[in-house]
Amino acid sequence: KNQVEQSPQSLIILEGKNCTLQCNYTVSPFSNLRWYKQDTGRGPVSLTIMTFSENTKSNGRYTATLDADTKQSSLHITASQLSDSASYICVVWNSGNTPLVFGKGTRLSVIA
Amino acid sequence: NAGVTQTPKFQVLKTGQSMTLQCAQDMNHNSMYWYRQDPGMGLRLIYYSASEGTTDKGEVPNGYNVSRLNKREFSLRLESAAPSQTSVYFCASSDTGGTHGYTFGSGTRLTVV
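In the order they appear, the protein sequences are chains C and Y. In this text, residue positions in the first sequence follow my numbering: the first is 1, and each later residue adds one. In this text, residue positions in the second sequence follow my numbering: the first is 113, and each later residue adds one.
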């Protein structure tokens, strides 16, 4: 069964600190992996999309890594800000017109 | 550029009532999706439409129907609402296959009492 597992479920960090969120998947075949940010009460917004051949991709203070061999991805947030408080969802697409496989998300809280 | 627009934003229904959630996108996307999001469950696919004129069941289709009215609009209907359908509903759209990512609406918070 295609699955996406994220860890930790929730995380609290101090403003200015760095953090790393993890994503493991069993989706096959693999086409691309996406990280979304979802603010409370809003729809998810795409942060990065990585294909099989990409190992890392950055979007400002967000850096995603992908190891397609071990089927693992991470999202690193540098110098966290209060506005980074949100759920971060890992999503994997296998191919064609089949829908995405969503992880349950990591809830990040950045406190002053 | 509005992206994906969902209406209404909030709704309270009594058990057994029916309603239709509306979704429209202005990005000329071929594919559209309806998801529900419950605490601790993540986003689960209800129905999707890969292209105009086609619809397919997702992971949790029971109790719902959909209509792809045209390329822009994809509606979700609850014929007889149940408390188990209390959830936040998200519509999304993408290019064919979602190669460049999905664009989500802001959600409809539905409570069935």
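Don't be surprised by glycine CBs; every beta carbon is placed ideally from N, CA and C.
Item: Tell me where the beta strand (DSSP E) around Gln3(C) begins and ends.; Value: First-last for Gln3(C): undefined, no H or E at that position.
Item: Measuring only the C-alpha atoms, how far is Leu14(C) from Tyr88(C)?; Value: 17 angstroms
Item: State yes or no: is the beta carbon of Leu222(Y) nearer than 8 angstroms to at least one beta carbon in chain C?; Value: no
Item: Under 8 angstroms Cβ-Cβ, which residues of chain C neighbour Gly154(Y)?; Value: Ile89, Phe102, Gly103, Lys104 and Gly105
Item: Alpha carbon to alpha carbon, how far is Cys19(C) from Ala136(Y)? Give it in angstroms, no decimals.; Value: 36 angstroms
Item: So which of Thr51(C), Gly103(C), Ala112(C) and Arg107(C) has the shortest CA-CA distance to Tyr25(C)?; Value: Gly103(C)
Item: Applying the criterion that 16 or more other CB atoms from any shown protein chain within 10 Å of the CB defines a buried residue, is Asp84(C) buried or exposed?; Value: buried
Item: Kindly provide the ranges of any beta strand (DSSP E) runs that are 3 or more residues long and lie completely inside the stretch 12-74 of chain C, ordered along the chain.; Value: 19-25, 32-38, 45-51, 56-59 and 62-67
Item: Against chain Y, with Cβ distances strictly below 8 angstroms, would Pro29(C) count as a contact?; Value: no
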